[in-house]
Amino acid sequence: MTRLWTFLSRLWALLRSRQMDRDLDDEIASHLAEAEEEYIQQGFSPEDAHCAALRSFGGVTQTKEIYREVRSFMWLDDLRRDLRYALRTLWRSPGFTMVAVFTLALGIGANATIFSVVNAVLLEPLPYADPARLVALKETRPLAGGTTGQRVRVPVSASSFFDWRKQAPSLEQVAAVVTLDLTYTGGTEPEQIGAAAVSANFFPMLGVAPMLGRNFQPEEERPNAGGVVLLGHGFWQRRFTGDPSAIGQALTLDGRPFTIIGVMPPSFGGAGSAGLTRNAARELWIPLTLVEAGASRAANFFDVFARLKPRATLTTAQAEIDVIMQRLEKEFPETNAGRGGKVLSLTEAIFGDVQSTLWLLLGAVVLVLLIACLNVANLLFARATVRSAETAMRAALGASRRRLIQQFFTESLVLTFAGCAAGLMLAWASLQTFISILPSNVPRMDSVAIDGRVLAFTLLISLLTGMTFGLAPAWQGAQTDLNATLKAASRSSSGGVGRTRTRNALVVTQVALSLVLLVGAGLLLKSFVALRGVDPGFDPRNVISLRVNPSREKYGTPQTQSAYYERLLTEVKGIPGVESAAVVYPVPFASFISNQSFRVPGRPIDPGEMLSAQFNIVSPDYFGALRIRITQGRAFTERDRIGSPPVAVVNETLAQRMWPGESPLGKRLGLGRDESEVVGVFADIKQRQLDSEPRLQICVPVLQQPTRVMFLAARGSSDATMLLPAIRQRIAALDAELPLSDIALLEERVAGSIGKQRFAMLLLAIFAGTALALAVVGLYGVMSYLVAQRTREFGIRMALGAKLRDTLKLIVGHGMKLVLAGLVLGVAASLALTKVLGGMLFNVRATDPVTFVAVCTLLAAVGATACYLPARRAAKVDPLVALRAE
Amino acid sequence: MMPDKSDVLYGTLDLMVIKTLEALGPLHGYRIARRIEQISGNQLALNQGTLYPALLKLEQMGWISSRWGKSESGRRVRIYALTRAGRNQLHQEEAQWLRAANIVGRFLKISENVS
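Chains A and B, in that order, are what the protein sequence lines are. Its first residue numbered 1, the first sequence is counted upward by one per residue in the working numbering. Its first residue numbered 887, the second sequence is counted upward by one per residue in the working numbering.
This is the structure:
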């Protein structure tokens, strides 16, 4: 109670300190007057009485000082004074202040930017109920043609889904999803809408409810149930202008009628839930019709999600899935041999590959900040040395050590907060640019923003920064040998051995840290160049590709499909500027690939071996249009059509694996129910990733095994985008109701596949460049300072006959010693740290000697320049001037 | 020769101030100082100035209150008075002091006996 009272009255005093000062003055004055009067009464002369009164009172100033201390929060008063002082001194040295604030702004701004991405993408909880209990389930199988033990995660077969749903006690609400595109024909032109067919319990499992209307009913999962559809918020806004009466209306999708039963909330289905389904944004949901009886074991289509029961863990669920899969393997060896299952947390399923990149970048950016800190610390050390005379004077006048430290530290804090503010502005200004270079498959990147959490993080790191770079210089700055400093005050004081040593250590650390970043960036750059240089096996230049989606009604049979594509190709080839054209499903580097299991009659099957190949349905001129080499036999011709003997073309890897030492031509290949004859071999191509190992690949002719949806690929003589209007027009002329989608240059598709690597490389390069610049500035600063300190010495040396060269050698030698020490330390640190890059590198080892040597050379060269410039300035000084200088 | 005046024992000035105010009622600063000096028989080296921070502290704790008034000679002075909380505090501290002094006194006697 008493304490609270004291606190409140001090608070009150804070507000009316001036009034209280006046009151105290009055009180003391009347006290002295009373005393004087009494002394006079005792017979003192007026002067004596005055003196006696003062004597018995004690020091008036001290009293006021103590009084003030009692009156309010002393530290606050001090802080106010220190702040004013710090602002004034910083204002008076604008060069120093600007360099320091800019350096800090760079470091803090970069951190704020990267953290805002990490925050939005990784830290923000998923927008589902209790997301920690949500899991994604995958099937796994051995990688065909891969090294032993490698397994790939694949979608789940219908029967596995049913088995897991029934037999895994750890899981509740197991739901399956399959993405599909539906043609919507209610608008002005046919539109391809991203949709998903989901189990009725999918939304309840996630804990997401429709904003309007109702969810699917279990009976709507049955085949032949009337079609119902849930709308995404965006679609509802676009097509129904947000009208609630849309519910109950009919919607024609793929030529079939659907009844609208509800609308999902805006947070769902857009990029907010990206990653939940394989292709990002979904706008329509329909019930998934699945019948357990006769469900396929071989076809893997489904994304499966589930909620863990309250007491279950990933481990228990994984163990149960393992048991189920082992049993299935024994029961159904022909389909399930080698297959397994994998339970992932939903977070890992969605963010798995983005996570490592972002954490890496955050690590890099923290290093940049550290370098910035060291730089500012260095500047502060230099400043403290210059100001040591002032500090000594203050100490002589009675400033306590604590007060001195406090005062220096306040200056650092002012710098920090200026840096923090400038850094936030920098982050805010650069955020949009930054988002634009993010690889497009980063989930949730549209919600990246500088929010409260980012602000808090920035403030926190700023405070830490301030302490890192502010404390040591404050400590050292306050440590003055009064006598020595005051005596030497007329000369420029040398900071003393200890201080120089600290500054040298700072420079060495800076060089070492920048080396780590430069090595990281160098490795990624080299890896990226190697990746870019990979020959995909086809020529992606000047090829425009787009997806053609004929409707099921008009093009339901193989005959109509093959007829349509034959006509389409004739039309497109007739466009002026088109060199060649082909249709293929799927086009290489589309967002998905197609896999097909196959048999080789007569070839013994290893236990657990699953033969599966990347599978493309192609038109005869596919190989010519994409410039894929045919190495043996022939490509397809117009004669390979429905009714003629089934044929296939395989890649070299498949030919060598299946028929080593034999000619593959004329061999049989079992595909589905049919057996095809191998008529040709083509050179391996990359279908999805440039850094993948060679895969088994099979192509079959579209005229023989047609499918409804195909990609058109047209090669132009120059810029293929120019062909697009003509292509659109020809397609519309054939069928005005036929929607196109997924239009992109083949080159863009290939480049997009390495977007993540490009992003990581680019950013790390930017950070490393910043680090290098900061380190050089630090080195330059130290050298300039050192040279300035020793100008007199150099003057004497030269007066005694030292040559210009000798002086240069002396100075540069000192600087290069620091650089070399930094390089040695940095190489050691890099060898330890670049291991984290291991998984991101392609054809480059994390200890790549070329990169290390190149980076060291670069740093040494830049370091030598930073030493040479101040050295030359010193060496050019006229000895006479130097001697008189002080 | 006069014996050295003793310094005011830390923390005792507060007690002296409130005891003075209890005995004499509301007083201004100079009167309080003089009174303490008189009671101690001029044995205390009291810097009168140190009284003011002490008065402020007591006021912050709520044991005394102050208002502006007139001194006997008509000067504008700040007059301090004991509050109820201050009176309670005084009783407590008085008892504590007596007890403490008593114990110290006994120790001194024992030491005398031993020597």
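Backbone N, C-alpha and C fix where the C-beta goes; we use that ideal spot for every residue, glycine too.
Item checked: Below-8 Å beta-carbon distance, Asp-890 of chain B vs any chain A residue -> Along the second sequence, read from residue 1 onward, the residue named residue 890 of chain B stands at position 4. For Asp-890 of chain B, the predicted model reports a pLDDT of 48, less than 50, meaning its position is unreliable; a value from the coordinates is still stated below. Judged by the 8 Å Cβ criterion, Asp-890 of chain B is not in contact with chain A.
Check: So Val-135 of chain A and Ala-306 of chain A are in contact, right, with Cβ under 8 Å, and what is the actual spacing, rounded?
Finding: In the first sequence, the residue the question calls residue 135 of chain A occupies position 135. In the first sequence, the residue the question calls residue 306 of chain A occupies position 306. Right, the Cβ-Cβ distance comes to about 5 Å (below 8 Å), so this counts as a contact.
Checklist line | Under the three-state DSSP convention, the category Gly-955 of chain B falls into | finding: Translated into the one-based positions of the second sequence, residue 955 of chain B becomes position 69. In this structure, Gly-955 of chain B counts as strand in the three-state DSSP scheme.
Check: Excluding five sequence neighbours on each side, which residues of the same chain lie with their C-beta closer than 8 Å to the C-beta of Pro-46 of chain A?
Finding: Position 46 of the first sequence, counted from the first residue, corresponds to residue 46 of chain A. The answer, listed in chain order, is Glu-36 and Ile-40.
Notebook entry, point to check: Near Ile-286 of chain A, what residues of its chain come up, given a Cβ to Cβ distance below 6 Å and the 5 sequence neighbours on each side ignored?
Noted result: Counting from one through the first sequence, the residue named residue 286 of chain A turns up at place 286. Excluding residues up to 5 positions away in sequence, Ala-197 and Val-229 lie with their Cβ nearer than 6 Å to the Cβ of Ile-286 of chain A in the same chain.
Next item on the list: Flag Arg-973 of chain B as yes if its beta-carbon sits less than 8 Å from any beta-carbon of chain A, otherwise no.
Entry: Numbered from 1 along the second sequence, position 87 holds the residue referred to as residue 973 of chain B. Chain A contact via Cβ: absent.
Next item on the list: Tell me Val-650 of chain A's beta-bridge partners as DSSP assigns them.
Entry: On the first sequence, position 650 is the one that residue 650 of chain A refers to. Bridge partners of Val-650 of chain A: A:Val-681 and A:Ile-698.
Next item on the list: With a cut-off of 8 Å on the beta carbons, I'd call Val-947 of chain A and Val-600 of chain A a contact; round off their distance for me.
Entry: Given that chain A is displayed from residue 1 to residue 886, the structure contains no residue 947 of chain A and the question cannot be resolved.
Next item on the list: Please check if any C-beta of chain B sits within less than 8 Å of the C-beta of Ser-17 of chain A.
Entry: Here residue 17 of chain A refers to the residue found at position 17 of the first sequence. By this cut-off, Ser-17 of chain A is not an interface position.
Item checked: Counted within 10 angstroms of its Cβ, other Cβ atoms place Ser-273 of chain A as buried (16 or more) or exposed -> The residue labelled residue 273 of chain A in the question sits at position 273 within the first sequence. Confidence is the limiting factor: at Ser-273 of chain A the pLDDT is only 48, short of 50, which leaves the residue's position unreliable, though a coordinate-based value still follows. Classification for Ser-273 of chain A: buried.
Next item on the list: Leaving out five residues on either side along the sequence, give the residues of the same chain with a beta carbon under 7 Å from the beta carbon of Leu-523 of chain A.
Entry: Here residue 523 of chain A corresponds to residue number 523 of the first sequence, with the count starting at 1. Result list for Leu-523 of chain A: Thr-834, Leu-837, Leu-841, Val-844, Ala-846, Asp-848 and Thr-851, in chain order.
Next item on the list: Within the same chain, show all residues whose beta-carbon is closer than 7 Å to that of Leu-8 of chain A, passing over the 5 residues directly before and after it, in chain order.
Entry: Against the first sequence, residue 8 of chain A aligns to sequence position 8. Apart from sequence neighbours up to five positions away, no residue of its chain approaches Leu-8 of chain A with a beta-carbon distance below 7 Å.
Check: Can the beta-carbon of Ala-775 of chain A be found closer than 8 Å to that of Val-511 of chain A?
Finding: What you label residue 775 of chain A is simply residue 775 of the first sequence in a count that begins at 1. What you label residue 511 of chain A is simply residue 511 of the first sequence in a count that begins at 1. Yes.
Note to self: Rounding to the nearest angstrom, what Cα-Cα distance links Thr-315 of chain A and Gly-755 of chain A in this structure?
What the structure shows: Mapped onto the first sequence, residue 315 of chain A falls at position 315. Mapped onto the first sequence, residue 755 of chain A falls at position 755. Computed Cα separation, rounded: 34 Å.
Notebook entry, point to check: What three-state label does DSSP hand Val-534 of chain A in the structure shown?
Noted result: Residue numbering aside, residue 534 of chain A sits at position 534 when the first sequence is read from its first letter. Collapsing the DSSP output to three states places Val-534 of chain A in coil.
Notebook entry, point to check: Among A:Gln-729, A:Pro-473 and A:Lys-686, which has the Cα closest to the Cα of Thr-391 of chain A?
Noted result: On the first sequence, position 391 is the one that residue 391 of chain A refers to. Minimum Cα distance to Thr-391 of chain A is reached at A:Pro-473.
Next item on the list: Return no unless some Cβ of chain B is closer than 8 Å to the Cβ of Leu-772 of chain A.
Entry: Counting from 1 along the first sequence, the entry for residue 772 of chain A is found at position 772. Closer than 8 Å: no.
Next item on the list: Report yes or no: do the region 905-913 of chain B and the region 961-977 of chain B share at least 3 C-beta pairs separated by less than 8 Å?
Entry: Between the region 905-913 of chain B and the region 961-977 of chain B there are three or more C-beta pairs closer than 8 Å, enough to call the two in contact.
Check: Relative to the alpha-carbon of Pro-558 of chain A, which residue among A:Val-709, A:Phe-216 and A:Gly-826 has its alpha-carbon at the smallest distance?
Finding: Along the first sequence, one-based indexing puts residue 558 of chain A at 558. Looking from the CA of Pro-558 of chain A, the closest CA among A:Val-709, A:Phe-216 and A:Gly-826 belongs to A:Val-709.
Check: For Met-98 of chain A, is the classification buried or exposed, using 16 other Cβ atoms within 10 angstroms of its Cβ as the cut-off for buried?
Finding: Taking the first sequence and counting its residues from 1, the one referred to as residue 98 of chain A is at position 98. Met-98 of chain A comes out exposed.
Notebook entry, point to check: Below 8 Å between beta carbons: does that hold for Ala-874 of chain A and Thr-791 of chain A?
Noted result: Here residue 874 of chain A is taken as the residue at index 874 of the first sequence, counted from 1. Here residue 791 of chain A is taken as the residue at index 791 of the first sequence, counted from 1. Yes.
Check: Which of the three DSSP states, helix, strand or coil, is assigned to Ile-925 of chain B?
Finding: The residue you call residue 925 of chain B lines up with position 39 of the second sequence. In the three-state reduction of the DSSP assignment, Ile-925 of chain B falls in the helix class.
Item checked: Where Asn-504 of chain A falls: helix, strand or coil (DSSP) -> Here residue 504 of chain A corresponds to residue number 504 of the first sequence, with the count starting at 1. Here DSSP, grouped into helix, strand and coil, assigns Asn-504 of chain A to helix.
Checklist line | Min CB distance Gly-960 of chain B to chain A below 8 Å | finding: For the purposes of this step, residue 960 of chain B is identified with residue 74 of the second sequence, where counting begins at 1. Answer no: the Cβ-Cβ gap between Gly-960 of chain B and chain A never drops below 8 Å.
Check: Which residues mark the beginning and the end of the beta strand (DSSP E) in which Leu-459 of chain A is found?
Finding: The residue you call residue 459 of chain A lines up with position 459 of the first sequence. Under the DSSP assignment, Leu-459 of chain A falls outside any beta strand (DSSP E), being part of the alpha helix (DSSP H) whose first and last residues are 452-477.
Next item on the list: Have a look at A:Glu-748, A:Ala-478 and A:Val-177 and flag the residue whose alpha-carbon is nearest the alpha-carbon of Phe-589 of chain A.
Entry: Looking up residue 589 of chain A in the first sequence gives position 589. Put simply, of A:Glu-748, A:Ala-478 and A:Val-177 the residue whose alpha carbon is nearest the alpha carbon of Phe-589 of chain A is A:Glu-748.
Note to self: Any beta carbon of chain A sitting closer than 8 Å to that of Gln-1066 of chain B?
What the structure shows: Because chain B spans 887 through 1001 in this model, residue 1066 of chain B falls outside it and cannot be assessed.
Checklist line | Rounded separation between Ala-271 of chain A and Leu-463 of chain A - CA only | finding: As a first step, residue 271 of chain A is located in the first sequence; it is residue number 271 there, counting from the start. As a first step, residue 463 of chain A is located in the first sequence; it is residue number 463 there, counting from the start. With a pLDDT of 41 at Ala-271 of chain A, under the threshold of 50, the predicted position of this residue should be treated as unreliable, though the coordinate-derived value follows. Looking at the two C-alpha atoms, the distance is approximately 35 Å.
Note to self: Out of A:Pro-223, A:Leu-734, A:Leu-180 and A:Asp-303, which one is the CA nearest neighbour of Asp-254 of chain A?
What the structure shows: For the purposes of this step, residue 254 of chain A is taken as residue 254 along the first sequence, with counting starting at 1. In this structure, A:Leu-180 is the residue among A:Pro-223, A:Leu-734, A:Leu-180 and A:Asp-303 with its C-alpha nearest to the C-alpha of Asp-254 of chain A.
Check: Which word fits Lys-876 of chain A, buried or exposed, when buried means at least 16 other C-beta atoms lie within 10 angstroms of its C-beta?
Finding: By one-based count along the first sequence, residue 876 of chain A stands at place 876. So Lys-876 of chain A counts as exposed.
Note to self: Counting only Cβ pairs nearer than 7 Å, list the residues of chain A close to Asp-916 of chain B.
What the structure shows: By one-based count along the second sequence, residue 916 of chain B stands at place 30. It should be pointed out that residue 916 of chain B corresponds to Tyr in this sequence rather than to Asp. Those within 7 Å of Tyr-916 of chain B in chain A are His-31, Glu-34 and Ala-35.
Margin query: Could you tell me the alpha carbon to alpha carbon distance between Asp-21 of chain A and Leu-370 of chain A, rounded to whole angstroms?
Written below: As a position in the first sequence, residue 21 of chain A is number 21, starting the count at 1. As a position in the first sequence, residue 370 of chain A is number 370, starting the count at 1. Their backbone Cα atoms lie some 46 Å apart in a straight line.
Item checked: Three-state secondary structure assigned by DSSP to Thr-103 of chain A -> For the purposes of this step, residue 103 of chain A is identified with residue 103 of the first sequence, where counting begins at 1. Assignment of Thr-103 of chain A by DSSP, reduced to helix, strand and coil, places it in the helix class.
Item checked: Under 9 Å from the C-beta of Asn-933 of chain B: neighbouring residues of chain A -> As a first step, residue 933 of chain B is located in the second sequence; it is residue number 47 there, counting from the start. Neighbours of Asn-933 of chain B on chain A, chain order: Ser-56, Phe-57, Gly-58, Gly-59, Gln-62 and Thr-63.
Note to self: Would Ala-298 of chain A and Thr-335 of chain A be called neighbours here (beta carbons separated by less than 8 Å)?
What the structure shows: Locating residue 298 of chain A in the first sequence gives position 298, where the first residue counts as 1. Locating residue 335 of chain A in the first sequence gives position 335, where the first residue counts as 1. Yes, these two residues count as a Cβ contact at 8 Å.
Check: With C-beta atoms as the reference, is Ala-176 of chain A less than 8 Å away from Val-304 of chain A?
Finding: Taking the first residue of the first sequence as position 1, residue 176 of chain A is located at position 176. Taking the first residue of the first sequence as position 1, residue 304 of chain A is located at position 304. Closer than 8 Å, so yes.
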